Amino acid sequence: MALQSAIINVMEKAVKKASIRLVRDFNEVEHLQVSRKGPADFVSRADVRTERTIVEELKVARPGFGFILEEGEDTPPEDATKGTWIIDPIDGTTNFLHSIPHFAISVALEKEGEIVAGIVYNPVTDELFWAEKGRGAFVGNRKLTVSSRKNLDDCVLATGIPFMGKPNLGTFPAQLDTIMPKVAGIRRFGSAALDLAFVAAGRYDGFWEENLQPWDIAAGILIVREARGMVSEFDGRAKVMQTGQILATNGSIHGSVTRLLSEARKINRAKQI
Ligand code: IPD
Ligand code: CA
Ligand code: CA
Numbered sequence: 703m704a705l706q707s708a709i710i711n712v713m714e715k716a717v718k719k720a721s722i723r724l725v726r727d728f729n730e731v732e733h734l735q736v737s738r739k740g741p742a743d744f745v746s747r748a749d750v751r752t753e754r755t756i757v758e759e760l761k762v763a764r765p766g767f768g769f770i771l772e773e774g775e776d777t778p779p780e781d782a783t784k785g786t787w788i789i790d791p792i793d794g795t796t797n798f799l800h801s802i803p804h805f806a807i808s809v810a811l812e813k814e815g816e817i818v819a820g821i822v823y824n825p826v827t828d829e830l831f832w833a834e835k836g837r838g839a840f841v842g843n844r845k846l847t848v849s850s851r852k853n854l855d856d857c858v859l860a861t862g863i864p865f866m867g868k869p870n871l872g873t874f875p876a877q878l879d880t881i882m883p884k885v886a887g888i889r890r891f892g893s894a895a896l897d898l899a900f901v902a903a904g905r906y907d908g909f910w911e912e913n914l915q916p917w918d919i920a921a922g923i924l925i926v927r928e929a930r931g932m933v934s935e936f937d938g939r940a941k942v943m944q945t946g947q948i949l950a951t952n953g954s955i956h957g958s959v960t961r962l963l964s965e966a967r968k969i970n971r972a973k974q975i
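When you line the sequence shown up against my numbering, it's residues 703 to 975, in that order.
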C-alpha cells in the first residue's frame with residue numbers, strides 16, 4: 703500500500719477539485735456535438751477554467767512556487783528554494799472535443815532542473831497515476847512496474863501521429879514503415895501523458911513521439927522512470943524536456959526501437975536529397 707506524501711496530496715487535491723467541473727463539461731460536450739456551432743469554444747473555456755482552478759489551489763498550498771502553463775502566463779519561482787509547477791489542464795483535447803473519454807490532467811513539480819513529483823489523472827476513469835523521485839510509481843495505491851516483454855514481436859507500442867499545424871509532418875511515415883512490421887501492434891490514443899502512464903503500467907511496452915511540449919511529458923517521464931522504464935530522445939540522448947522528442951520503453955526493447963528510429967531517420971534524410 704502506497705503512502706502518499708504531502709506534496710502528492712496537494713497535487714491530487716488540486717486536480718480532483720478541478721475535475722468536478724471538468725467531468726460536468728465533458729458530459730455537456732456530448733450534447734454540443736450536434737449543435738451547429740460545435741463544442742470548440744466551450745472546450746477551450748473548459749481548458750482555461752481547469753488550469754485556473756489548479757493554479758489557485760496550488761498557489762494557496764505552496765506560496766511562491768513558479769508555473770509553466772499551457773494556457774496561462776509562466777511565472778518563475780520566488781526563490782531557489784521553491785519549485786515550479788508544470789501543468790497541462792487537458793492532455794488529449796481532441797478526444798475531449800469529440801466526447802472520447804481518454805484525456806488527462808498532468809501536473810509535475812520541477813526543482814533545480816529535475817522533475818521530483820508528477821501526477822497524470824484521467825477524471826473519467828478516476829485513474830490517478832503518480833510518482834515521486836526515488837519513491838516509485840503508482841496507480842492509486844498499486845505500485846507500477848513496466849512490462850517485461852523482450853521480443854519486439856510481442857510488443858504493443860503507442861505513438862502520436864502528427865496532425866495539421868505540427869512541424870515535420872513528413873517524417874512520421876518512415877517511422878511507421880520501419881516499426882510497424884516488427885511489432886504486435888501500434889496504438890494512437892491521443893494523450894501523450896496517458897501514453898506514458900500506460901508504459902509505466904506495462905499496458906504499452908513503449909511510446910514514441912516528437913514535437914511535444916514540457917507540460918505533455920513532464921509528469922509522465924517521472925512516472926515511467928520510477929516504474930523502472932527508460933526515457934530518452936530517439937537516439938538515446940537525454941534532453942527530452944528541451945527537444946520534446948521522446949522514446950519511453952520498458953527498457954528491454956529500448957535499443958531495438960532506437961535502431962529502428964535511426965533507420966527511419968536515414969530514410970527521411972535520403973528522401974530530402
Ligand atoms: C496533445 C496530446 C497528443 C499529442 C499532441 C499533444 P493536447 O496535447 O498529448 O497525444 O499527440 O502532440 O499536443 O493539445 O491535447 O494538450
Ligand atoms: Ca498536451
Ligand atoms: Ca492541453
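Glycine included, C-beta positions come from ideal geometry on N, C-alpha and C. None of these values were measured; they are calculated from a predicted model.
Residue i Cβ short of 6 angstroms to ligand 3 heavy atom set
i, result
"residue 897", "no"
"residue 752", "no"
"residue 816", "no"
"residue 772", "yes"
Ligand 2 heavy atom lying under 6 angstroms from the CB of residue i
i, result
"residue 727", "no"
"residue 918", "yes"
"residue 776", "no"
"residue 790", "yes"
"residue 793", "yes"
Residue i Cβ short of 6 angstroms to ligand 1 heavy atom set
i, result
"residue 721", "no"
"residue 894", "yes"
"residue 862", "yes"
8 angstroms contact criterion, which residue i and residue j should meet: CB distance rounded
i, j, result
"residue 760", "residue 712", "7 angstroms"
"residue 752", "residue 716", "Rounded, the Cβ-Cβ distance is 10 angstroms, inconsistent with contact."
Residue i: CB within 6 angstroms of a non-hydrogen atom of ligand 4
i, result
"residue 944", "You won't find ligand 4 in this model; what it holds is ligand 1, ligand 2 and ligand 3."
request  = Taking 8 angstroms as the threshold, find out whether the stretch 934-947 comes into contact with the stretch 828-847 through three or more Cβ pairs.
outcome  = no
task = Please list the segments of the beta strand (DSSP E) lying wholly inside the stretch 831-874, counting only runs of 3 or more residues, in order along the chain.
result = 838-841, 858-861
inquiry  = Any contact between the stretch 785-803 and the stretch 739-758? By contact I mean 3 or more CB pairs, one from each, below 8 angstroms.
reply    = yes
task = List in chain order: all unbroken beta strand (DSSP E) runs of 3+ residues lying wholly within the stretch 864-949.
result = 887-889, 908-911, 932-934
key: Given 8 angstroms, three or more beta-carbon pairs between the stretch 854-874 and the stretch 760-771   = no
query = Unbroken alpha helix (DSSP H) runs of length 4 or more, entirely within the stretch 768-842: which are they?
reply = 795-799
request  = Scan the stretch 708-745 and note each continuous alpha helix (DSSP H) run of 4 residues or more that stays entirely inside, going in chain order.
outcome  = 708-734
ask   = Does the pairing of the stretch 809-819 with the stretch 903-915 give three or more beta-carbon distances under 8 angstroms?
value = no
query = Taking one C-beta from the stretch 726-733 and one from the stretch 780-788 each time, how about it: are there three or more such pairs within less than 8 angstroms?
reply = no
message = Quick check: the stretch 839-848 against the stretch 807-816, are at least 3 beta-carbon pairs closer than 8 angstroms?
response = no
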